[in-house]
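Below is one structure, written out as structure tokens; comments come after it.
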């Protein structure tokens, strides 16, 4: 299933946001509410304005975990209406992760039996270029499936500011139908001080503001035509219970990993695998490429594959979930205004729906 999840379309059925269709978000803020329009009911995660004064929102389908950017005109909001989503995938995961997820920095393993792994590629701040070979080799390994390859990219705002052309290249790989990316918020500055213990580093450094870090990275994505997903990854996979709950309070779902390859954590079926594509951890990339080589026969037969991070998370169907997720067929978003995306193939998962100006 694709990520309409963090990429909206601006063409009738397929397409992705190009930088030309990026937003200029002013006053991006956490603004959780239930919103309704016609037969569509969503969660509003964020609100912002554009220079022309138009008000926009980052919205979430709480069952499919798909995000979209929409004009707020024509939608009614209910700030006290979030409990109606308690039985949806989003509501269930917020509740379950709030109870125990902080111990593993969030979801670290798919809940059901799967045939493969979730691949997550971290893009922490780095002077080095994107490891394009990694992306190309992953696509080459799985192109036999005849579908865009699902890959999650945990993107920091600082990496985007330093490497806008690399991000543009990733979007072009989505536009071409090679990959189906999920864009995970990996904080804005991703602060790290060498030599400081992990339990006092990253977002635990003095002066850190986790909400500003989340919104800063989301702003950079929007400015570059990428729609943020419903997920967040802690820098260094380091958190505390209060910090974890503060992240949950912004509406996003923390995602960890039980298989950080460079740390010699072998994957099992359903693992969320972590490698760094920013050039800073080549050992993990080498380990992944060796893993793909060992599994090549199983990949060709379909016995081993890359899973989409959201496919396994959808809640069991219930009356409340069905009501909460009423909307139009997959791949079509009823536009608030005519689409404003470049007409170029598949976007990323979290970038396939954003009605435009």
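In this note's numbering, the protein residues as written are -7 to 349.
By construction, the Cβ of each residue, glycine as well, lies at the ideal position given by its N, Cα and C atoms.
These figures come from a predicted structure and were not determined experimentally.
Item	Value
Proximity winner among 257, 253, 222, 227, relative to residue 245 (alpha-carbon distances)	222
According to DSSP, residues forming a beta bridge with residue 246	224
Strand pairing of residue 146, partner residues [DSSP]	114, 176
Length of the line joining the Cα atoms of residue 140 and residue 55	22 Å
Three or more C-beta pairs below 8 Å linking the segment 268 to 277 and the segment 114 to 133	yes
Backbone CA spacing between residue 29 and residue 81 [nearest angstrom]	21 Å
Same chain only: Cβ atoms within 6 Å of residue 197, ignoring 5 sequence neighbours per side	183
Three or more C-beta pairs below 8 Å linking the segment 235 to 243 and the segment 64 to 73	no
Nonlocal neighbours in the same chain, by C-beta distance under 7 Å from residue 311, ignoring five residues either side	The pLDDT assigned to residue 311 is 37, lower than 50, so where the model puts this residue is not dependable, and the model offers no usable value.
Straight-line Cα distance separating residue 77 from residue 319	With a pLDDT of 36 at residue 319, under the threshold of 50, the modelled position of that residue is not reliable, and the figure given next carries that caveat. Going from the Cα of residue 319 to the Cα of residue 77 covers about 15 Å.
Whole-angstrom distance between residue 228 and residue 289, CA atom to CA atom	34 Å
Collapsed DSSP secondary structure at residue 130 in the structure displayed	helix
Host alpha helix (DSSP H) of residue 98 (start-end)	It is not in any alpha helix (DSSP H) - residue 98 carries neither H nor E in the DSSP assignment.
N-terminal and C-terminal residue of the alpha helix (DSSP H) that residue 188 is part of	Premise fails: residue 188 is in no alpha helix (DSSP H) and is neither H nor E.
Same chain, Cβ closer than 8 Å to residue 25, five either side skipped, listed in chain order	35, 36, 69, 70, 71, 73, 74
For residue 214, the nearest candidate out of 33, 23, 40 (CA to CA)	40
Residues of its chain near residue 150, where Cβ-Cβ distance is below 7 Å and the 5 sequence neighbours each way are ignored	117, 180, 181, 182
Minimum C-alpha distance to residue 224 - residue among 217, 202, 234	202
C-alpha distance - residue 172 paired with residue 281, whole-angstrom precision	19 Å
Residue burial classification, residue 33 (beta-carbon count within 10 angstroms, cutoff 16)	buried
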